[in-house]
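S.K.: Take this structure, written in structure tokens, and hold onto it; I'll ask about it next.
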Amino acid sequence: MSLTHRFPDGFQWGTATSAYQIEGAVDADGRGASIWDTFCRAPGRVLGGDTGDVACDHYHRLEGDLDLMSRLGIQTYRFSVAWPRVIPKGRGPVSEAGLDFYRRLVDGLLERGIAPLVTLFHWDLPQALDDEGGWLSRDTVDAYVDYAALVAEALGDRVPSFTTFNEPWCSAFLGYASGDHAPGHTDAGEAFRVAHHLNLAHARAVSALRCVLPSSAAISLTLNVHQVYPASDDPADRRATEHVDLISNRIFLDPALGHGYPDALVDTTRTITDWSFVEAGDIGALHAPIDGLGINYYTSALIADPASPAGRQAHLAWPGTTKAVSLAPDGELTGIGWRITPGALTDLLRRIAADAPTMPLTIHENGAAYDVAVIDGLVDDTVRIRYLDAHLRALHDAITAGVDVRGYMLWSFLDNFEWAWGYSQRFGIVHVDFDTLARTPKASADWYAGVIAANGL
Ligand code: GCO
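The sequence shown begins at 4 in the numbering used here and counts up by one.
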């Protein structure tokens, strides 16, 4: 078979999940509650009143799930550790039974020749910490650093790569500004304070991890850098786009790359926050060199000033600001209603490489939600294959242009709990029947196995 798109030798093909979205077993072995357990119970927060109580029951179906992954030829598996499973109250007593689950998971992966990639925080903050202020409190930063070191001590001899935070933008801006995610606050000023605390927690954890992990360990941060374009040539729309880039992207990228917060970010947020939560010494403390960036990419957005001609069309609020909106998605959309714009992935990777020319990048998430039924034991999700194929071509374009991309983690291995959307959105290459919990690999799973085996398209 001849390939039109060959990926570099050693390119890592993988798949990604997160703890709360698949594990279930929320009361097993002394697990504490997380802010998502609480959020799911608040009326009207999650579509259909769905919760992660059972999810895919991965906690009890670990071996079967790993066998399935192995049959697909998965080379790297990105999963997250649930903080409340290993430290039920967020700080203090450790649950060995909780840690054992992740030890078994890591051992099971290694036995099958799959490399583990551990996400330390994928949004499931222990509820006990939220009761004391959650990410608004600097004490949570200390608790996170201790938790990160504990996990590294338990797993670090067998896990080659750790990523500190998954999409801190979502924790800060969906959790505290738009209120779409737990803990569901709606105060833009809070979102900026939280963003700063997440940045501090990331940097301090990197230093703590370096003390515990072997020198060969790769430590990264996972960002959903938003690929945003002005909705028109109107200077007001261009300014709105820069504003969004500052408050959504550079607020995380710049400190992680060692540049602190740009002056333009402080200027453009003057009416929202005075940044008084930045204490003496913090800016220096934000700089902790990392070994790579994880990039999550699904879609792109067209940004406008709310008062411009473009901004007066149908639009969505942009979390954390009233100075910019995104145009309502149009054109070809995935099942969740996101625009399909593979070329924007190439643009995004080139932009990041221009900002950080020596930083290795890995796609930590990319995929699409489509609801395709099981018919006679088969799920013909050709629509998903089309999405994935187009995005892998776009990724290949970036690599050809010189961007150093080391791997691709497809979101997601299993259909799972899609946060505020509950179980209504299916991102998996493996179908899960949420009544029987039966797993059925979709056509996209076979297709992906072929891509992996060929190292290309
Ligand atoms: C994300 C999340 C995933 C989502 C996926 C689809 O990091 O945004 O990691 O948990 O399920 O992005 O929305």
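All C-beta atoms, glycine included, are put in the ideal place defined by N, C-alpha and C.
Every value quoted in this text rests on a predicted model; they were computed, and no experiment measured them.
What would DSSP say about I306, mapped onto helix, strand or coil?
M.R.: The answer is strand: DSSP assigns I306 an E or B state.
S.K.: Give me the residue from V433, T18, G323, A372 with the minimum Cα distance to D183.
M.R.: Of V433, T18, G323, A372, the residue nearest in Cα terms is G323.
S.K.: I'd like the ranges of any alpha helix (DSSP H) spanning at least 4 consecutive residues and lying wholly in the region 364 to 411.
M.R.: With a minimum length of 4 residues, the continuous alpha helix (DSSP H) runs that stay inside the region 364 to 411 are 385 to 403.
S.K.: Which residue comes first and which comes last in the beta strand (DSSP E) that contains H318?
M.R.: Looking at the DSSP string, the run of the beta strand (DSSP E) that includes H318 is 318 to 320.
S.K.: By DSSP, does W278 sit in helix, in strand, or in coil?
M.R.: Note: W278 maps to coil in three-state DSSP.
S.K.: I want to check one thing, is the minimum distance from the CB of S21 to the heavy atoms of ligand 1 below 7 Å?
M.R.: Yes.
S.K.: Going along the chain, which residues of its own chain have a beta-carbon closer than 8 Å to the beta-carbon of T385, five neighbours each way excluded?
M.R.: Excluding residues within five positions, the ones whose Cβ falls inside 8 Å are A446.
S.K.: Taking the CB atoms as reference points, tell me whether L256 and L226 lie closer together than 8 Å.
M.R.: Taking 8 Å as the Cβ cut-off, L256 and L226 qualify as a contacting pair.
S.K.: Is H246 closer than 8 Å to A320 when the C-beta atoms are compared?
M.R.: The answer is no: Cβ separation not under 8 Å.
S.K.: Taking the C-alpha atoms as reference points, what is the distance between T337 and M412?
M.R.: Rounded to the nearest angstrom, the two C-alpha atoms are 19 Å apart.
S.K.: Residues in its own chain within less than 6 Å of A359 by CB, not counting five upstream and five downstream?
M.R.: Hits under 6 Å: L260.
S.K.: Please name the residue, chosen from G93, I306, R387, that lies closest to E135 on a Cα-to-Cα basis.
M.R.: Ranking the options by Cα distance to E135, first place goes to G93.
S.K.: Between which two residues does the beta strand (DSSP E) holding R94 run?
M.R.: From DSSP, R94 is part of no beta strand (DSSP E); its letter is neither H nor E.
S.K.: Taking just the CA atoms, how far does G370 sit from R389?
M.R.: Taking the straight line joining both Cα atoms gives about 11 Å.
S.K.: Can you determine whether any heavy atom of ligand 1 sits closer than 7 Å to the C-beta of Y301, and answer yes or no?
M.R.: Yes, the beta carbon of Y301 sits closer than 7 Å to at least one heavy atom of ligand 1.
S.K.: Between D149 and A100, is the Cβ-Cβ spacing less than 8 Å?
M.R.: No, these two residues do not count as a Cβ contact at 8 Å.
S.K.: Which ranges would you report for the beta strand (DSSP E) in the region 214 to 288 if only whole runs of at least 3 residues count?
M.R.: Within the region 214 to 288, the complete beta strand (DSSP E) runs of at least 3 residues are 221 to 226, 230 to 233.
S.K.: Give the single residue among V29, G76, D53, H199 whose Cα lies nearest to the Cα of R141.
M.R.: Closest by alpha carbon: H199.
S.K.: What number of angstroms, rounded off, separates the C-alpha of R273 from the C-alpha of R196?
M.R.: Straight-line Cα distance between these residues: approximately 13 Å.
S.K.: According to DSSP, simplified to helix, strand and coil, what is F195?
M.R.: Helix at F195.
S.K.: Since G55 contacts F416 with CB under 8 Å, what's their CB separation in whole angstroms?
M.R.: The pair is not a contact, with the Cβ atoms about 16 Å apart (cut-off 8 Å).
S.K.: Rounded to whole angstroms, what is the Cα-Cα separation between V382 and D436?
M.R.: Distance between the alpha carbons of V382 and D436 is about 12 Å.
S.K.: For ligand 2, any of its heavy atoms closer than 7 Å to the Cβ of H184?
M.R.: As far as ligands go, the structure on display features ligand 1 and does not contain ligand 2.
S.K.: F165 lies in the alpha helix (DSSP H); which residues open and close that run?
M.R.: F165 -> not in any alpha helix (DSSP H); beta strand (DSSP E) instead, spanning 164 to 169.
S.K.: Cβ-heavy atom distance between E170 and ligand 1 below 7 Å?
M.R.: Within the cutoff, so yes.
S.K.: If I measure Cβ to Cβ from A423 and keep anything under 6 Å in the same chain, skipping five residues before and after, which residues do I get?
M.R.: Cβ within range, chain order: V49, D183.
S.K.: With a threshold of 7 Å on Cβ separation, who are the neighbours of A243 within its own chain once the five nearest residues in sequence on each side are excluded?
M.R.: Result list for A243: I306, A307, D308, K326, A327, in chain order.
S.K.: Short of 6 Å in beta carbon distance, which residues of its chain neighbour D237, apart from the five on each side in sequence? Order them along the chain.
M.R.: Within the same chain, D237 has close Cβ partners S311.
S.K.: When DSSP labels each residue in this structure, what does H184 get in the three-state scheme?
M.R.: Coil at H184, not helix or strand.
S.K.: Any heavy atom of ligand 1 within a distance shorter than 7 Å of the CB on C43?
M.R.: No; taking the cut-off as 7 Å, the Cβ of C43 has no heavy atom of ligand 1 nearer than that.
S.K.: Can you tell which of T365, R106, S98 has its C-alpha closest to the C-alpha of G35?
M.R.: Among T365, R106, S98, the Cα nearest to that of G35 is on S98.
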